[in-house]
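*Asks:* Its first residue numbered 486, the sequence shown is counted upward by one per residue in my numbering.
Please find one structure pasted underneath; my questions will follow.
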Amino acid sequence: MKSHGIALLGLLLAATAAYSQTEIKLPLVSDAAIQRLVRVTAPSACCAAVSDAHGWLAIGHQTSYNDAQVSLFRLDRDGTLAAGEPIPLKLASPTALASFPNYPLSLAFHPKLPLLYVWQDVALPKRLQEDEPALQEFDHLHIYSLAGPEPVLVQSQARGSVFADGMSAGTIAVDADSERLYLPNVRQPGAKPHSMYGTCAYLELDGDGLPLPADRGAKVAPPPRVGASLELHCLNPKNSPVNLGLPQGMGIVPVSKDMAILGIGSGAMTWDAANRRGWSDAVMLHPLWRGGFHDRIAAHPTLPVVYSTLMNRNLLCAMQHADGYLTLMPRRVAVEGAAFKSYPLVLKSRNELAVGGAKLLYLISLDEQGFPQPTAKAAKINSRSVAAIAYSEKFDCLYVAEERTK
Numbered sequence: 486m487k488s489h490g491i492a493l494l495g496l497l498l499a500a501t502a503a504y505s506q507t508e509i510k511l512p513l514v515s516d517a518a519i520q521r522l523v524r525v526t527a528p529s530a531c532c533a534a535v536s537d538a539h540g541w542l543a544i545g546h547q548t549s550y551n552d553a554q555v556s557l558f559r560l561d562r563d564g565t566l567a568a569g570e571p572i573p574l575k576l577a578s579p580t581a582l583a584s585f586p587n588y589p590l591s592l593a594f595h596p597k598l599p600l601l602y603v604w605q606d607v608a609l610p611k612r613l614q615e616d617e618p619a620l621q622e623f624d625h626l627h628i629y630s631l632a633g634p635e636p637v638l639v640q641s642q643a644r645g646s647v648f649a650d651g652m653s654a655g656t657i658a659v660d661a662d663s664e665r666l667y668l669p670n671v672r673q674p675g676a677k678p679h680s681m682y683g684t685c686a687y688l689e690l691d692g693d694g695l696p697l698p699a700d701r702g703a704k705v706a707p708p709p710r711v712g713a714s715l716e717l718h719c720l721n722p723k724n725s726p727v728n729l730g731l732p733q734g735m736g737i738v739p740v741s742k743d744m745a746i747l748g749i750g751s752g753a754m755t756w757d758a759a760n761r762r763g764w765s766d767a768v769m770l771h772p773l774w775r776g777g778f779h780d781r782i783a784a785h786p787t788l789p790v791v792y793s794t795l796m797n798r799n800l801l802c803a804m805q806h807a808d809g810y811l812t813l814m815p816r817r818v819a820v821e822g823a824a825f826k827s828y829p830l831v832l833k834s835r836n837e838l839a840v841g842g843a844k845l846l847y848l849i850s851l852d853e854q855g856f857p858q859p860t861a862k863a864a865k866i867n868s869r870s871v872a873a874i875a876y877s878e879k880f881d882c883l884y885v886a887e888e889r890t891k
């Protein structure tokens, strides 16, 4: 027993030493000019997405703005905001839940088609989440067509107790082949109803970018198709011994048809559908035990590197993956005085990583392998929490939401 204890202590000391060797400490950076930075007036902004294919910028609001939860901005040919007011999108919620604010958690554009996917939630107290019947009519997923002069709601889906409510985080993602839409905050199969064990799932998309219904052979109702049964594919086996809490899917990185990397409570997790014995592999990206559910992950668009920001702290982590499996030690950057508020965002053409903070937008340099370098700069943003940022590779524009533009 004594030898086992010594061995365990040795492993802990080795792990601590390894962590200390992989951390880069960056001094507090001063206010700097950032090229192609587009400031967008969008109060209480919490998420953002940009469509290079069709020239749209979408920003979600934590609290209603202009009586809507999402603002749509048209982009000019150079990537700047087109003249005119943004188009407000009011997300539907049951009348019985009118006293509880609904809010978007994540936005995603279809890579090829003029479609906007919105994932929303409702600020319902936990004491009501189990017994409120109106939740059975609350649709988390809204799909808008942007093909015409005005947005048109095509589908409202993802309702019922299989989807968790009242979550503070969770992202949606479309895979590279535009054949799957990944969803967050799904209750784990086999768990008790309303349990806090969670997972992620995906919906298969048809040629029009719409989810395939569970009743494929049945006649599909005309749009907007609301509340229909969906063919939901959960990312972990039923009655799996691995229980992961909610929120779930704080960043989703599709790697292949059988592989995805998920942001979970303790860092990042590989999901491998082709491996029946070892379908998951989780890695704690930082040494902070009480940092659970603060991780927000994203991936480099071309390099096998995953990034994680630790919300309300100053830690940024980067780690390589081999075909979806996280490998080697994570590298960490500690930015003096920072309190990160956003998901990490790669600016591919500039070889930089953007992260929102408290009243600041940080840009951290990356090397050729995609790892952070000890150089950074920051710009002052008129927002207490810079949470909504988006980048257009086509226009090389970085969009940031603030309370009002200067």
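We treat Cβ as the ideally placed atom computed from N, Cα and C, and that holds for glycine.
Would you say Leu795 and Gly776 are within 7 Å of each other, going by their C-beta atoms?
*Replies:* Position 310 of the sequence shown, counted from the first residue, corresponds to residue 795. Position 291 of the sequence shown, counted from the first residue, corresponds to residue 776. Cβ atoms of Leu795 and Gly776: closer than 7 Å.
*Asks:* Using a Cβ-Cβ cut-off of 6 Å (strictly less than) and excluding sequence neighbours within five positions of Leu590, which residues of its own chain qualify?
*Replies:* On the sequence shown, residue 590 is found 105 positions in, with the first residue counted as 1. The residues are Trp604, Asp606 and Gly655.
*Asks:* May I ask which residues mark the beginning and end of the beta strand (DSSP E) holding Glu689?
*Replies:* As a position in the sequence shown, residue 689 is number 204, starting the count at 1. That run of the beta strand (DSSP E) goes Tyr682 to Glu689.
*Asks:* With 16 other CB atoms within 10 Å as the buried threshold, where does Ser714 fall?
*Replies:* By 1-based counting over the sequence shown, the position of residue 714 is 229. With fewer than 16 Cβ atoms within 10 Å of its Cβ, Ser714 is classed as exposed.
*Asks:* Please report how far the alpha carbon of Asp766 lies from the alpha carbon of Ala676, in whole angstroms.
*Replies:* By one-based count along the sequence shown, residue 766 stands at place 281. By one-based count along the sequence shown, residue 676 stands at place 191. Roughly 20 Å separates the two Cα atoms.
*Asks:* Assign Asp881 to one of three DSSP states: helix, strand, or coil.
*Replies:* Along the sequence shown, one-based indexing puts residue 881 at 396. In the structure shown, Asp881 sits in coil (DSSP, three-state: anything other than H, G, I, E or B).
*Asks:* How many Å lie between Ala596 and Pro696 at the Cα?
*Replies:* Reading the sequence shown from its first residue, position 111 is the one you call residue 596. Reading the sequence shown from its first residue, position 211 is the one you call residue 696. In the sequence as presented, Ala is not what sits at residue 596; that position holds Pro. Pro596 and Pro696: Cα-Cα distance of roughly 15 Å.
*Asks:* Under a three-way DSSP split, which group does Gln506 fall into?
*Replies:* One-based indexing of the sequence shown puts residue 506 at position 21. Bear in mind that the predicted position of Gln506 carries a pLDDT of just 44, short of 50, making it unreliable; the figure below should be weighed with that in mind. In this structure, Gln506 counts as helix in the three-state DSSP scheme.
*Asks:* So, Glu508 versus Ala875, is the Cβ gap smaller than 7 Å?
*Replies:* Residue 508 sits at position 23 when you count from the first residue of the sequence shown. Residue 875 sits at position 390 when you count from the first residue of the sequence shown. No. Outside cutoff.
*Asks:* Just the Cα atoms here: how many angstroms apart are Pro786 and Tyr792?
*Replies:* Stepping through the sequence shown from its first residue, residue 786 is reached at position 301. Stepping through the sequence shown from its first residue, residue 792 is reached at position 307. If I take the Cα positions, the gap works out to 11 Å.
*Asks:* So, Ile737 versus Tyr667, is the Cβ gap smaller than 7 Å?
*Replies:* The residue labelled residue 737 in the question sits at position 252 within the sequence shown. The residue labelled residue 667 in the question sits at position 182 within the sequence shown. Cβ atoms of Ile737 and Tyr667: closer than 7 Å.
*Asks:* In chain order, what residues of the same chain have a beta carbon less than 8 Å from the beta carbon of Tyr682, not counting five sequence neighbours either side?
*Replies:* Position 197 of the sequence shown holds residue 682. Hits under 8 Å: Arg672, Gln673, Ala676, Asn728, Leu729, Gly730 and Leu731.
*Asks:* Compare the C-beta of Thr526 with all C-beta atoms of chain D and state if any pair is closer than 7 Å.
*Replies:* The chain inventory of the structure shown lacks chain D, comprising one protein chain alone.
*Asks:* Apart from the five residues on each side of it in sequence, which residues of its chain come closer than 8 Å, Cβ to Cβ, to Gly564?
*Replies:* Position 79 of the sequence shown, counting from 1, holds the residue named residue 564. Arg521, Val523, Ser877, Lys879, Phe880, Asp881 and Cys882, listed in sequence order.
*Asks:* Just to confirm before moving on: does the CB-CB distance between Leu609 and Asp662 stay below 7 Å?
*Replies:* Your numbering for residue 609 matches position 124 in the sequence shown. Your numbering for residue 662 matches position 177 in the sequence shown. Contact flag unset, no.
*Asks:* State yes or no: is the C-beta of Ile544 within less than 7 Å of the C-beta of Ala527?
*Replies:* Residue mapping note: residue 544 aligns to position 59 of the sequence shown, counting from 1. Residue mapping note: residue 527 aligns to position 42 of the sequence shown, counting from 1. Closer than 7 Å, so yes.
*Asks:* Closest to Glu617 by C-alpha separation, out of Asp561, Thr580 and Ala593, would be which residue?
*Replies:* Counted from its first residue, the sequence shown places residue 617 at position 132. For Glu617, the nearest C-alpha among the options comes from Thr580.
*Asks:* State buried or exposed for Asn670, treating a residue as buried only when at least 16 other CB atoms are found within 10 Å of its CB.
*Replies:* By 1-based counting over the sequence shown, the position of residue 670 is 185. Buried is the call here.
*Asks:* Which full runs of the beta strand (DSSP E) of 3+ residues lie inside the stretch 550-602, going along the chain?
*Replies:* The stretch 550-602 contains these whole beta strand (DSSP E) runs: 553-559, 572-574 and 587-594.
*Asks:* From Gln854 to Lys611, what does the alpha carbon distance come to, in whole angstroms?
*Replies:* Here residue 854 is taken as the residue at index 369 of the sequence shown, counted from 1. Here residue 611 is taken as the residue at index 126 of the sequence shown, counted from 1. For Gln854 and Lys611, the distance between alpha carbons rounds to 44 Å.
*Asks:* Could you have a look at Lys826 and say whether DSSP puts it in helix, strand or coil?
*Replies:* Within the sequence shown, residue 826 is the residue found at index 341, counting from 1. Three-state DSSP puts Lys826 in coil, outside helix and strand.
*Asks:* Around the C-beta of Leu848, are 16 or more other C-beta atoms found within 10 angstroms, so that it is buried, or is it exposed?
*Replies:* Here residue 848 is taken as the residue at index 363 of the sequence shown, counted from 1. With 16 or more Cβ atoms within 10 Å of its Cβ, Leu848 is classed as buried.
*Asks:* For Asn721, tell me which candidate among Gly692, His625, Trp764 and Ser741 has the shortest Cα-Cα distance.
*Replies:* Along the sequence shown, read from residue 1 onward, the residue named residue 721 stands at position 236. Here the closest residue by C-alpha is Trp764.
*Asks:* Bridge partners of Arg546, per DSSP?
*Replies:* Within the sequence shown, the letter at position 61 stands for residue 546. Note on residue identity: the sequence assigns His, not Arg, to residue 546. Ala530, per the DSSP bridge assignment.
*Asks:* Return helix, strand or coil for Lys677, following the three-state DSSP convention.
*Replies:* Position 192 of the sequence shown holds residue 677. If DSSP states are grouped into helix, strand and coil, Lys677 belongs with coil.
*Asks:* Among Tyr602, Leu574, Arg665 and Leu845, whose alpha-carbon lies nearest the alpha-carbon of Glu888?
*Replies:* Position 403 of the sequence shown holds residue 888. Out of Tyr602, Leu574, Arg665 and Leu845, Leu845 has the C-alpha closest to the C-alpha of Glu888.
*Asks:* Could you tell me the distance, in whole angstroms, from the CA atom of Gly694 to the CA atom of Ser741?
*Replies:* The residue labelled residue 694 in the question sits at position 209 within the sequence shown. The residue labelled residue 741 in the question sits at position 256 within the sequence shown. Approximately 18 Å between the Cα atoms of the pair.
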